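Colleague: Position one of the sequence shown corresponds to residue 1 (the UniProt record's numbering), numbered consecutively onward.
Built from N, CA and C at the ideal position, the CB exists for glycine as well.
All of these numbers come straight from a predicted model, not from anything done at the bench.
Structure below; questions to follow.
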Amino acid sequence: MAYYRHVGEIPPKRHTQHRRPDGGLYYEELMGEEGFSSDSSLLYHQNIPSAIADAQPWELPDQSLTANHPLKPRHLKLHNLFEGQEWKALDVVNGRRLVLGNADVRISYVVAGETSPLYRNAIGDECVYVESGSGVVETVFGVLPVRPGDQVVLPRATTHRWVPSADEPLRAYVIEANSHIAPPKRYLSRYGQLLEHAPYCERDLHGPSEPLLVDGADVEVLVKHRGPTGVAGTRFVYPRHPFDVVGWDGCLYPYTFNISDFEPITGRVHQPPPVHQVFEGHNFVICNFVPRKVDYHPLSIPVPYYHSNVDSDEVMFYCGGNYEARKGSGIGQGSISLHPGGWSHGPQPGAYEGSIGMERSDELAVMVDTFRPLDIGEGGFASEDPEYAWSWIRRSPG
């Protein structure tokens with residue numbers, strides 16, 4: 001995180017006695033990144049946070065991946081994944097369907113209406129984009145209200161659960177890192193403040209504002225962690241509810257950032273994708289494409305030029321507005337396009353010429369660029385449009 005927060009009751013000096021009203025001690029826990037060498041927070045628990053009563057295997061949703069071979073662009077219609085299913089019976093944790101992934105990042109999609117189990121990801125941070133619906137995320141740090149357009153950043157090992165509103169499904173696009181997710185370093189001062197050229201600032205980041213205290217005994221928490229074949233799950237039972245933190249402070253905590261608060265960077269000629277970047281992780285970046293004024297040079301061509309992904313696979317999740325560059329391809333709300341490295345891609349036929357004279361773009365999309373090839377998950381194959389790869393010639397092969 002880029003700045004310090006203080007919530008609830010904490011002692012005046014760290015690593016010193018913090019006593020309850022009855023004279024007993026609260027239990028201090030350091031939650032920190034990179035050993036003791038990066039951002040951290042100190043949490044003060046009513047109970048011993050290490051105490052567990054049981055541990056059993058948790059069978060994760062299908063995590064298998066298959067290589068994108070033969071290499072080709074793909075269009076995935078994520079809204080098709082949950083057609084005919086009762087969304088009220090699904091939750092944001094167990095209902096996820098893996099669509100793309102590699103050793104650095106996994107991308108899933110879920111439609112949910114049920115409160116999730118208590119959960120933490122011990123492999124890496126998560127960035128969850130709320131496509132539609134609302135609710136709250138209850139965390140050991142406190143509560144985060146969520147609404148459409150929110151990108152919910154959950155640091156590694158944050159115990160939390162999703163509580164959707166009862167009247168509509170919560171549609172979530174889930175980016176799970178094998179690392180941390182943070183603002184790009186070029187946006188930050190050497191002390192961690194977001195700089196003037198950044199497309200957002202600390203005022204746009206919303207963390208918990210007060211502690212969340214919940215009573216309970218023999219409470220289950222699902223933990224995703226590293227395993228012998230990559231990803232594994234364990235079901236812990238805690239003797240007391242983990243939401244027992246009376247106060248905390250530091251620079252590591254969950255927060256929300258709404259895509260409507262991203263201020264686009266524009267220019268006279270077409271700007272490259274890095275101007276749209278919002279976060280970065282190890283070997284991948286996240287970008288937001290939002291409604292904006294387009295290129296205003298008198299001879300500009302506003303849609304992207306054709307380009308080869310030499311070092312990356314490009315994943316675009318289309319979550320609102322109109323997509324001028326993809327007209328005629330079948331792509332719409334809820335679609336993903338995968339444009340892999342080794343293949344030159346760009347606008348659909350006619351879009352290049354048709355964009356001349358445009359004054360603004362109304363697209364809304366979240367992009368992930370990865371620097372290692374992406375494989376296809378179960379949800380990717382289940383939602384694929386098999387004709388997309390041939391859409392630049394408007395016919396099927398053969």
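Would you mind reading off the limits of the beta strand (DSSP E) that contains glutamate 86?
Modeller: The residue given as residue 86 occupies position 86 in the sequence shown. Counting along the chain, glutamate 86 falls outside any beta strand (DSSP E), and DSSP gives it neither H nor E.
Colleague: Flag this pair as yes or no: are the beta carbons of alanine 51 and proline 242 separated by less than 7 Å?
Modeller: To locate residue 51, count along the sequence shown from 1; it is residue 51. To locate residue 242, count along the sequence shown from 1; it is residue 242. Their beta carbons are not under 7 Å apart, which means alanine 51 does not touch proline 242 by this criterion.
Colleague: Can you give the Cα-Cα distance for glutamate 114 and isoleucine 301, rounded to whole angstroms?
Modeller: Taking the first residue of the sequence shown as 1, we reach residue 114 at position 114. Taking the first residue of the sequence shown as 1, we reach residue 301 at position 301. Going by the C-alpha atoms only, they are around 46 Å apart.
Colleague: Tell me proline 347's beta-bridge partners as DSSP assigns them.
Modeller: One-based indexing of the sequence shown puts residue 347 at position 347. None; proline 347 has no bridge partner.
Colleague: Quick check on the burial criterion: 16 or more other C-beta atoms within 10 angstroms. Buried or exposed for arginine 190?
Modeller: Translated into the one-based positions of the sequence shown, residue 190 becomes position 190. Its Cβ having fewer than 16 others within 10 Å, arginine 190 is exposed.
Colleague: Helix, strand or coil for lysine 13 per DSSP?
Modeller: Taking the first residue of the sequence shown as position 1, residue 13 is located at position 13. The answer is coil: DSSP assigns lysine 13 none of H, G, I, E or B.
Colleague: Is glutamate 363 near glycine 332, with beta carbons less than 7 Å apart?
Modeller: Position 363 of the sequence shown, counting from 1, holds the residue named residue 363. Position 332 of the sequence shown, counting from 1, holds the residue named residue 332. It is not a contact, given that the beta carbons lie outside the stated cut-off.
Colleague: Thinking C-alpha only, which one of Ile356, Asn283, Glu131 and Val310 is nearest proline 184?
Modeller: Counting from one through the sequence shown, the residue named residue 184 turns up at place 184. Comparing Cα-Cα distances from proline 184 to each of Ile356, Asn283, Glu131 and Val310, the minimum goes to Asn283.
Colleague: Just tell me which of Pro264, Ile376, Pro274 and Arg20 has its CA closest to the CA of cysteine 201.
Modeller: Here residue 201 refers to the residue found at position 201 of the sequence shown. Of Pro264, Ile376, Pro274 and Arg20, the residue nearest in Cα terms is Pro264.
Colleague: Compute the Euclidean distance between the alpha carbons of methionine 367 and aspartate 311, then round it to the nearest angstrom.
Modeller: Taking the sequence shown and counting its residues from 1, one reaches residue 367 at position 367. Taking the sequence shown and counting its residues from 1, one reaches residue 311 at position 311. If you take the alpha carbons of methionine 367 and aspartate 311, they lie about 15 Å apart.
Colleague: Please report the distance separating the alpha-carbon of proline 208 from that of glycine 35.
Modeller: What you label residue 208 is simply residue 208 of the sequence shown in a count that begins at 1. What you label residue 35 is simply residue 35 of the sequence shown in a count that begins at 1. Answer to the nearest angstrom: the Cα atoms are 24 Å apart.
Colleague: Exposed or buried, what is proline 359 when buried is set at 16 or more other beta-carbons lying within 10 Å of its beta-carbon?
Modeller: Position 359 of the sequence shown holds residue 359. Residue identity differs from the one stated: residue 359 is glutamate in this sequence, not proline. Label assigned to glutamate 359: exposed.
Colleague: Cα separation between serine 108 and tyrosine 119?
Modeller: What you label residue 108 is simply residue 108 of the sequence shown in a count that begins at 1. What you label residue 119 is simply residue 119 of the sequence shown in a count that begins at 1. Answer to the nearest angstrom: the Cα atoms are 16 Å apart.
Colleague: Thinking just about the alpha-carbon of each residue, which of Gly250, Pro274, Ser179 and Pro11 is nearest to the one in serine 41?
Modeller: Taking the first residue of the sequence shown as 1, we reach residue 41 at position 41. The option with the nearest alpha carbon to serine 41 is Gly250.
Colleague: Can you tell which of Ile259, Pro274 and Ser165 has the C-alpha that lies nearest to the C-alpha of threonine 266?
Modeller: Working through the sequence shown from its first residue, we reach residue 266 at position 266. The option with the nearest alpha carbon to threonine 266 is Pro274.
Colleague: Quick one: what's got a C-beta closer than 7 Å to isoleucine 356's C-beta in the same chain, skipping five residues either side?
Modeller: Within the sequence shown, residue 356 is the residue found at index 356, counting from 1. So the qualifying residues of the chain are Ile301.
Colleague: How long is the line joining the alpha carbons of alanine 112 and leucine 90, rounded to whole angstroms?
Modeller: Taking the first residue of the sequence shown as position 1, residue 112 is located at position 112. Taking the first residue of the sequence shown as position 1, residue 90 is located at position 90. In a straight line, the C-alpha of alanine 112 is about 5 Å away from that of leucine 90.
Colleague: Kindly indicate which three-state DSSP category glycine 380 falls into: helix, strand or coil?
Modeller: Residue numbering aside, residue 380 sits at position 380 when the sequence shown is read from its first letter. Glycine 380: helix per DSSP, three-state reduction.
Colleague: Excluding the five sequence neighbours on either side, which residues of its own chain have a C-beta within less than 8 Å of the C-beta of tryptophan 392, listed in chain order?
Modeller: Working through the sequence shown from its first residue, we reach residue 392 at position 392. For tryptophan 392, where only same-chain residues beyond five positions count, the Cβ hits under 8 Å are Gln348 and Pro349.
Colleague: Do the region 211-220 and the region 156-163 make contact, defined as three or more Cβ pairs closer than 8 Å?
Modeller: Segments in contact, no.
Colleague: Between which two residues does the beta strand (DSSP E) carrying valine 111 extend?
Modeller: Walking along the sequence shown from the start, residue 111 turns up at place 111. Segment 105-112, the beta strand (DSSP E) holding valine 111.
Colleague: Going by C-alpha to C-alpha distance, which of Val105, Arg326, His6 and Gly142 sits closest to valine 128?
Modeller: Here the question's residue 128 lines up with position 128 in the sequence shown. Answer by Cα proximity: Val105.
Colleague: Using CA atoms only, rank isn't needed, just tell me which of Pro145, Lys77 and Val246 is closest to proline 21.
Modeller: By one-based count along the sequence shown, residue 21 stands at place 21. Looking at the Cα atoms, Val246 is the closest of the given residues.
Colleague: Measure the CB-CB distance between asparagine 47 and aspartate 244 and report whether it falls below 7 Å.
Modeller: Sequence index remark: in the sequence shown, residue 47 carries index 47 (1-based). Sequence index remark: in the sequence shown, residue 244 carries index 244 (1-based). In this structure, aspartate 244 lies closer than 7 Å to asparagine 47 by Cβ.
Colleague: Would you check if the distance between the CB atom of alanine 365 and the CB atom of tyrosine 318 is smaller than 7 Å?
Modeller: Working through the sequence shown from its first residue, we reach residue 365 at position 365. Working through the sequence shown from its first residue, we reach residue 318 at position 318. Going by C-beta atoms, alanine 365 is nearer than 7 Å to tyrosine 318.
Colleague: Between the Cα of threonine 139 and the Cα atoms of Leu195, Trp248, Gly23 and Ala389, which residue gives the shortest distance?
Modeller: Reading the sequence shown from its first residue, position 139 is the one you call residue 139. Taking only the C-alpha atoms, the option nearest threonine 139 is Trp248.
Colleague: Starting from the Cα of arginine 226, find the closest Cα among Arg372, Pro57, Leu25 and Ser37 and give me that residue.
Modeller: For the purposes of this step, residue 226 is taken as residue 226 along the sequence shown, with counting starting at 1. Of the candidates Arg372, Pro57, Leu25 and Ser37, the one whose C-alpha sits nearest the C-alpha of arginine 226 is Pro57.
Colleague: Going straight from the alpha carbon of valine 130 to that of valine 110, what length do you get?
Modeller: Indexing the sequence shown from 1 puts residue 130 at position 130. Indexing the sequence shown from 1 puts residue 110 at position 110. Rounded to the nearest angstrom, the two C-alpha atoms are 10 Å apart.
Colleague: Can you give me the C-alpha to C-alpha distance between alanine 182 and aspartate 39, rounded to a whole angstrom?
Modeller: Indexing the sequence shown from 1 puts residue 182 at position 182. Indexing the sequence shown from 1 puts residue 39 at position 39. Rounded to the nearest angstrom, the two C-alpha atoms are 11 Å apart.
Colleague: For serine 396, count the other beta carbons within 10 Å of its own beta carbon; 16 or more makes it buried, fewer makes it exposed. Which is it?
Modeller: The residue you call residue 396 lines up with position 396 of the sequence shown. Only weak support is given to the placement of serine 396: the predicted model assigns it a pLDDT of 46, under 50, and the value that follows is read from those uncertain coordinates. Its Cβ having fewer than 16 others within 10 Å, serine 396 is exposed.
Colleague: Check the C-beta distance from aspartate 385 over to lysine 77 and give it rounded, since I have them as a contact under 8 Å.
Modeller: Locating residue 385 in the sequence shown gives position 385, counting from the first residue. Locating residue 77 in the sequence shown gives position 77, counting from the first residue. Yes, aspartate 385 and lysine 77 are in contact; Cβ-Cβ is about 6 Å, under 8 Å.
Colleague: Quick check on leucine 30: buried or exposed, where buried means 16 or more other Cβ atoms within 10 Å of its Cβ?
Modeller: Working through the sequence shown from its first residue, we reach residue 30 at position 30. When all chains shown are included, leucine 30 counts as exposed.
Colleague: What residue range is occupied by the uninterrupted beta strand (DSSP E) comprising arginine 5?
Modeller: Taking the sequence shown and counting its residues from 1, one reaches residue 5 at position 5. Start and end: 5-8.
Colleague: Within the present structure, is the beta-carbon of asparagine 178 separated from the nearest heavy atom of the ligand COA by less than 6 Å?
Modeller: Ligands displayed in this structure: none; no statement on the ligand COA is therefore possible.
Colleague: Could you please give the first and the last residue of the uninterrupted beta strand (DSSP E) stretch that includes arginine 190?
Modeller: The sequence position of residue 190 within the sequence shown is 190, counting from 1. That residue, arginine 190, is in no beta strand (DSSP E); it is neither H nor E in DSSP.
Colleague: For aspartate 54, which three-state DSSP category applies?
Modeller: Numbered from 1 along the sequence shown, position 54 holds the residue referred to as residue 54. The answer is strand: DSSP assigns aspartate 54 an E or B state.
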